């Protein structure tokens, strides 16, 4: 019984950690620009696919990872410069459609460049799984959790200790005020997209050995990240992490205990339930509307 | 002023009717008729969705769920249980309306992206059910749907009819039928928008507080328009199922929901005729891009992105703005 | 005679901060009743509490003797209360006159069926509404915008449009939140005339306003708020001579 | 749209003109072979090799002089795995392009969506999709080249029975292939007196199936596990199966019978069995096997041309095209009725997938024996039976 429960928990936490990383990416961009970036999943794909194809070309793994992250970063900046910035007057829905267009575009290019096959990435360390109380934990899961934790800590430090981080926070709270005190808000927006792209690609790389990677892996993972961010409360970092983990664990438990057919439906019902009672997610900011 | 309203409403409708009459002159085979028939059905769907998104300002990322429910209700009722088409279509729409009302009450309290999220979840749940209830829906492989039939008279793309001594092919008959449906759908939508109810809906978008202090029960109106747009989707889903003759859960999928909302935004939110253009463009684009082979996806994404960046208000509103600017300039030059 | 609007021990806290605390007063029908006080004194919050946008933490609001504390704004509108906003709430996606016609929302009786088929009953209703709205726009002084989009109107005209919209609802009491803010002297004078005209029609007017000349000139009674509490209440004359008010506000 | 039509017309004219100039002696129009395939989207691993195969063999046949003295022209569209686009493209092939025969339909959904139209238009259609519903009941104009999923289930369950297994756990994908395979397996199991003690599913986009497998592992009486699905899902299932240390005999379906599956699953695949076409083990076929030559040739030609591993799915397209060619040759024309009749009477065509014996009651023409049971040993496919 315990082994079974633990097994579902491990599965849930691993995939949940991935969702959390993606959700953090959503949160960052949302905070800086109030845009929901539906192309977030593509950063994930770029991370995984670029690493795989570079290693296949003989580039050492570590270098390939660094290059893949840089590539995703460039893409993030390009997305902000060429797709979001020119349309700043546009409606929220219009911006959503622009990011959807961008995501289709990026996916299309990836498909032409890298083909349509699924690719394997080796585990970072041993292939031997770890056994805990009769449950099995993939060693790569530890990497996902570890990297996730490091990223979260790094983000916290970035936002509380660095001037740039504080500038992003300030912009998210009040764009005009931030501009008045000398924050270059365009720069901040670009930074938010950059960091978000880096986050996405890192998630894509650490999770690739578990999920495989292909040109279209970003669609569903990106969507799950959005779901996680919404459960946690858009704009809340803590919310993104909790939302991601909660979604992962609910999916795994539902698949194990309720019905594998309906596990996604269970996850989506959970979202509805959360939103019924907390219309701004678990940790969303409580805003009083001013009139 | 009021007369001008009336005139502009009717002018749009007449213009649309004229286009629908002229289109067949450019069609040379039943495949092309099939495409425009689908455009008409999808356009009527997004005319309904536009009431919700464009006029009341409530985003739905799950509308294909209602479309799919309508399609499957018709498929199951007529195919499996042998119901006649019209009762199936109506009962399906009533059922979907009730579902939309029940789900709509709580989720329409949500704002902005949270509402998108909730509608997305509703759409997903519907799609998952359609996919999993194999015994009823045929599962992911889909199910066949019989031809549309009224009092034993079948409307099939493959048949031949003689109408007032005029020989017409089945696909032409479908086109005529879908065109009439589209015109009726547009007429209803226009009537709704230019009315006290429509003003209340638009005020929910413009300023929800302003609406409420003059007595608009915003919750009620949001539910109302949600239900109306769901019924539009359900009815059109039923027709779509009859027309295609075969449906899969893809009709309820997230991708399809995104397609619908894209038709609205691309064509021009809040422009009834704009969203029809959006439906036409997005239905034809894959056909046109088919020649680009593997670059098809890239081109599609690029076109979508560029159009939205440079025409954030959508195709029709931007185009009419340009035209009227030109005309004004011309008039100014003459004077 | 019972008061038209009665407020008893009203309290509203955001987090731990009391924006309005223990406020009580009563407005008789037909009065012009003004709420004044320095910035942040809780005037707008008080209006929001009365009109149902906020739910008070404590206390109650009565309209015509009925407890309306927990009612929604639209339910209050049904009972004859209507208002304007400090930060104007105009539907920019509609034309000017449609904004005013929106004010007549409660007067429409047409069903969804009538609407969908655009039956004659609806057209008759619309024609009356249109005419009435045009008259109201003339009445408040923005008649030249009858054919315009709301987005094409000047700031001053929009302020008037908002009043026209509130009047279209045929209210018993109308609450105006800083109607003179941002207006020049001529416009303010015109506004003063307008408020008088409205009051002369027998509509009770409640006013939040900074312009002392305006307030003192037209109000029957005044309420002075400071830090969310009532500092003084009375006729303009009483207020002008109240030492607390002079100390805290006028003389300040 | 009008523009495309004109462009298309222009293209046709250009092709025709070029043909006229080149072969002034035989001024015959090309035979049009239409195809709609899931070249991109979730089923691209089906459509992609199928399209490559069609392109390459149409070229080859044309170089060798064509069919009935006429060149072949391949007109193909990508349905992205979406049934309604499949229907639209089928309609376009029939009505606009006026093709002589259709070879395509990567997925069952796409195929079935096009069937009513094709039956009505009376154009011969050879489907490349698996489910049994396509040819059972028999539809006049519809044929198919892959074995049915029912045959796969029969073949697997027979092999289990031979190993003394009667109770097994089933894990399947919720996509069309897995879901249809699941219901066929349940039916076949009942008929063969076997028991499915656990029955779980995963969706195509899932990235971890440990929870479902744990559920099976904890079910009493499981003697073997069968995974029905395609795409990357089964590879994840295989790896999770290995990580969980599950030792029971493990079966996959023909949906993953390709070398790329071995690449994805890696060493986890060791010991699993599946039914497959002999294409995966061309060299271990006995010399007297009639398929040996055709299988070896197809594999060699495909891999030389595309520099990627051959897949079973491409072979479905190969057999589809060759059956179409043979039927037209036997009919001596491209008259639809004649071609259809010829197709229905093809006997003993030796293809990559199997030996086809069509009949009016059987528009598939294969038997379960055309599946070979393979086992993964030392990272390679080994012929067991």
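Protein chains in written order, with the UniProt record's numbering: chain A, 1 to 291; chain B, 1 to 335; chain C, 1 to 252; chain D, 1 to 385.
C-beta atoms are modelled at their ideal positions from N, C-alpha and C, and glycine is treated no differently.
Bear in mind the structure is a predicted one, so any value in this text is a computation, not a measurement.
Below-7 Å beta-carbon distance, residue i vs any chain A residue
| i | result |
| --- | --- |
| residue 222 of chain D | no |
| residue 211 of chain D | yes |
| residue 365 of chain D | no |
| residue 67 of chain D | no |
is_contact[residue i, chain B] using C-beta, thresh 7 Å
| i | result |
| --- | --- |
| residue 84 of chain D | yes |
| residue 74 of chain C | yes |
| residue 120 of chain D | yes |
| residue 102 of chain C | yes |
| residue 77 of chain D | yes |
| residue 142 of chain C | no |
| residue 192 of chain D | no |
Among the options, nearest to residue i - alpha-carbon criterion
| i | options | result |
| --- | --- | --- |
| residue 58 of chain C | C/38, C/187, C/70 | C/70 |
| residue 166 of chain D | D/123, D/248, D/101, D/209 | D/248 |
| residue 42 of chain B | B/306, B/243, B/89, B/201 | B/243 |
| residue 130 of chain A | A/142, A/236, A/119 | A/142 |
| residue 174 of chain B | B/251, B/149, B/255, B/292 | B/149 |
| residue 129 of chain B | B/248, B/261, B/287 | B/248 |
| residue 22 of chain C | C/56, C/35, C/32 | C/56 |
| residue 367 of chain D | D/123, D/125, D/270, D/150 | D/150 |
| residue 309 of chain B | A/127, A/18, A/90, A/73 | A/90 |
| residue 179 of chain C | C/170, C/171, C/161, C/169 | C/161 |
| residue 193 of chain D | D/200, D/185, D/257 | D/185 |
| residue 213 of chain C | C/52, C/50, C/192, C/106 | C/192 |
CB-CB length for residue i against residue j, believed under 8 Å
| i | j | result |
| --- | --- | --- |
| residue 177 of chain C | residue 47 of chain C | 5 Å |
| residue 119 of chain D | residue 139 of chain D | 6 Å |
| residue 4 of chain A | residue 256 of chain A | 7 Å |
| residue 93 of chain B | residue 70 of chain B | 7 Å |
| residue 313 of chain D | residue 50 of chain D | 6 Å |
| residue 341 of chain B | residue 108 of chain B | Residue 341 of chain B falls outside the range modelled here, since chain B spans only 1 to 335, and no answer is possible. |
| residue 207 of chain B | residue 90 of chain C | 7 Å |
| residue 42 of chain C | residue 19 of chain C | 5 Å |
7 Å Cβ cutoff, residue i in contact with chain C
| i | result |
| --- | --- |
| residue 222 of chain B | no |
Backbone secondary structure at residue i - three-state DSSP
| i | result |
| --- | --- |
| residue 25 of chain D | A caution first: residue 25 of chain D carries a pLDDT of 40, below 50, which makes its placement in the model too unreliable to give a value. |
| residue 326 of chain D | helix |
| residue 201 of chain D | strand |
| residue 161 of chain A | helix |
| residue 175 of chain A | helix |
| residue 176 of chain B | helix |
| residue 210 of chain C | coil |
| residue 223 of chain C | strand |
| residue 141 of chain D | coil |
CB contact below 7 Å: residue i versus chain G
| i | result |
| --- | --- |
| residue 230 of chain B | Checking the listed chains, one finds no chain G in this structure; the protein chains it contains are A, B, C and D. |
Cβ-heavy atom distance, residue i to the ligand PLP, below 6 Å
| i | result |
| --- | --- |
| residue 307 of chain B | This structure does not include the ligand PLP; it has no bound ligands of any sort. |
Interface flag, residue i vs chain D, CB-CB below 7 Å
| i | result |
| --- | --- |
| residue 37 of chain A | no |
| residue 88 of chain B | no |
| residue 128 of chain A | no |
| residue 244 of chain B | yes |
| residue 15 of chain B | no |
- Item | Start-end ranges of the beta strand (DSSP E) lying completely within the segment 23-56 of chain C, minimum 3 residues | 32-36
- Task: Could I get the ranges of all uninterrupted beta strand (DSSP E) runs contained in the segment 313-380 of chain D, with 3 residues as the minimum, in chain order?
- Result: Counting only runs of 3 or more residues that sit fully inside the segment 313-380 of chain D, the beta strand (DSSP E) segments are 347-350, 355-357, 372-377, in chain order.
- Query: Quick one: complete alpha helix (DSSP H) runs, 4+ long, within the segment 20-87 of chain D?
  - Reply: Whole alpha helix (DSSP H) segments, 4+ residues: 44-63.
- Message: Just to confirm the assignment: which complete alpha helix (DSSP H) runs, minimum length 4, are found wholly within the segment 183-220 of chain A?
- Response: 185-211
- Fully enclosed by the segment 244-271 of chain B, which alpha helix (DSSP H) runs are 4 residues long or longer? If we require 4 residues or more, the alpha helix (DSSP H) runs fully inside the segment 244-271 of chain B come out as 254-267.
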